[in-house]
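Count along the sequence shown from 1, then add 101; that gives the number in our numbering. All C-beta atoms in this analysis are idealised placements derived from N, C-alpha and C, irrespective of residue type, glycine included. Below is one structure, written out as structure tokens, with a few remarks after it.
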Amino acid sequence: MEGSIPEWLKSMINAEFNTTQKRTENEKGFFCVDCGGNSITRKEKEEHHNGHTVLQAFNTSRKYGYKDKDVLKLGSNVLDVSGIRPFSINTGHVFFPKSRSQRPSQLKKKGRPGFCFGCGYGLGSAKYSFCSILCKVSYREFDDKLKTMDELSVEQETLSQNLVNKKSIDEGNLVISEKYEVNNNQGFRKRRRKGIPQRAPLY
């Protein structure tokens, strides 16, 4: 999930559901991964999304989560949920699409063992790093940007170092050149000048 968040995943995270325990046909309790968009009813699922990858949403504590088995069926190449804690509900386990944290004070705990790296929500175990799909996706996207910035910083530092080295070499050549010219000039001055030739006396 490198780069920007794909549109279908944005829709999956932000989908709004309205379900009760009765599960009537008009209740919107499903989301089609193949089509994206918003939530759909059971009737719409059966009539228009036959054969599609459809996730079922469950309501718990006024928050909706996707059944863990349905999410895992997507495969890690489509949606990597490793490190995300699945939460227990009456019908099994679910992955929550949005952050579980509701208190700003929990942000101070981000990144600590046993707390969500994205929002600071207590996970109850250090083997998990995120409480929701959104927290992991956002953290990974931010981490990718940091890596890109680090790579650019290294490139700029390397470029600057190369310029410094080139300048040092150029300055060194200039010093050698100047020294060579001075030595040549000094050598020219020390050379004895020839006098006017005189003829030997005839007697």
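If you draw a straight line from the Cα of K146 to the Cα of Q157, it is about 10 Å long. Per the Cβ contact rule, the segment 184-193 is not in contact with the segment 128-147 (fewer than 3 Cβ pairs under 8 Å). For K168, the uninterrupted beta strand (DSSP E) run begins and ends at 164-168, by DSSP. For G193, the closest C-alpha among the options V179, Y167, K210 is that of Y167.
For L110, there is no enclosing beta strand (DSSP E); the residue is found in the alpha helix (DSSP H) stretching over 108-115.
Under the three-state reduction of DSSP, V238 is assigned to helix.
Sequence-distant partners of G223 (beyond 5 residues in either direction) whose C-beta falls short of 7 Å from its own C-beta, in its chain, are G215, F216. Burial of R201 is indicated by the presence of at least 16 other C-beta atoms within 10 angstroms of its C-beta. Counting along the chain, no beta strand (DSSP E) covers H149; the unbroken alpha helix (DSSP H) around it starts and ends at 143-149. The alpha-carbon of I106 is positioned some 21 Å away from that of V195. Linking I141 to G225 through their CA atoms gives a straight-line distance of about 33 Å. For a cut-off of 8 Å, the C-beta gap from D135 to H149 is around 11 Å, too long to register as a contact. Close CB contacts of K199 within its chain, under the 6 Å cut and outside five residues either way in sequence, are with S233, L235 (chain order).
In the three-state scheme derived from DSSP, where H, G and I count as helix and E and B as strand, V195 is classed as strand. Its chain contains no residue whose beta carbon lies nearer than 6 Å to that of L180 once the 5 sequence neighbours on both sides are disregarded. As computed with DSSP, S189 is found in a beta bridge with H194. Taking all protein chains in view, the Cβ of K228 is surrounded by fewer than 16 other Cβ atoms within 10 Å, so the residue is classified as exposed. Residue pairing of L156 in beta bridges, as defined by DSSP: F132. CA-CA distance, R241 to F231, rounds to 11 Å. No Cβ-Cβ contact shorter than 9 Å links G212 with S239. Between G221 and K237, the C-beta gap is not smaller than 9 Å, which leaves the two residues out of contact.
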